[in-house]
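Numbering (the working numbering), first residue to last: 1251 to 1360. Take a look at the structure set out below.
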């Protein structure tokens, strides 16, 4: 279940993410749409992660009930409604310390 994030928390999370090389790659696309939300930390159990990454994330989130998710949906051109797709860049950020915990890539399709 996603949770709203305050504008100030969203700005802090985006600032942390903007220092990562994958953010530079994402922002270089002709189309780059950002989304940020809070999620229960059980998200890490469903995400495409290695067992080692899950162990590290569980430890990093031991003092939190949630995680901030910052996503960038990218494409080579602006997608048409219900027919677009491209590369997805996702980042997990600690909701209290705003430490970048994980960065990864995938794909998206509408």
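Ideal Cβ placement from N, Cα and C applies to all residues, glycine included. Small disclaimer: the values here were computed from a predicted structure and weren't measured.
Nearest by alpha-carbon distance to residue i: which of the options is it?
{"i": "residue 1355", "options": "1314, 1268, 1346, 1341", "result": "1341"}
{"i": "residue 1322", "options": "1259, 1274, 1256, 1299", "result": "1274"}
{"i": "residue 1326", "options": "1282, 1313, 1348, 1293", "result": "1282"}
{"i": "residue 1255", "options": "1360, 1345, 1358", "result": "1345"}
{"i": "residue 1279", "options": "1343, 1305, 1288, 1337", "result": "1337"}
{"i": "residue 1347", "options": "1358, 1324, 1314", "result": "1314"}
{"i": "residue 1357", "options": "1259, 1261, 1276", "result": "1276"}
Closer than 8 Å by C-beta to residue i: which residues in its own chain qualify, once you throw out the five before and the five after it? Chain order, please.
{"i": "residue 1264", "result": "1284, 1286, 1320"}
{"i": "residue 1196", "result": "This structure cannot settle anything about residue 1196, because the visible part of the chain is limited to 1251 through 1360."}
Excluding the five sequence neighbours on either side, which residues of its own chain have a C-beta within less than 7 Å of the C-beta of residue i, listed in chain order?
{"i": "residue 1272", "result": "1339, 1353, 1355"}
Who are the Cβ neighbours of residue i in its own chain at under 6 Å, not counting the five residues just before and after it?
{"i": "residue 1251", "result": "The predicted position of residue 1251 is uncertain, since its pLDDT is 48 and thus under 50; no value can be drawn from it."}
Legend entry - Continuous alpha helix (DSSP H) assignments of at least 4 residues falling wholly in the segment 1262 to 1319: 1271 to 1277, 1293 to 1296, 1301 to 1310
Inset, instruction - Counting only runs of 3+ residues fully inside the segment 1327 to 1351, write out the beta strand (DSSP E) ranges in chain order. - result: 1335 to 1343
Inset, instruction - Pair every Cβ in the segment 1296 to 1311 with every Cβ in the segment 1253 to 1268, then say whether three or more of these pairs are closer than 8 Å. - result: no
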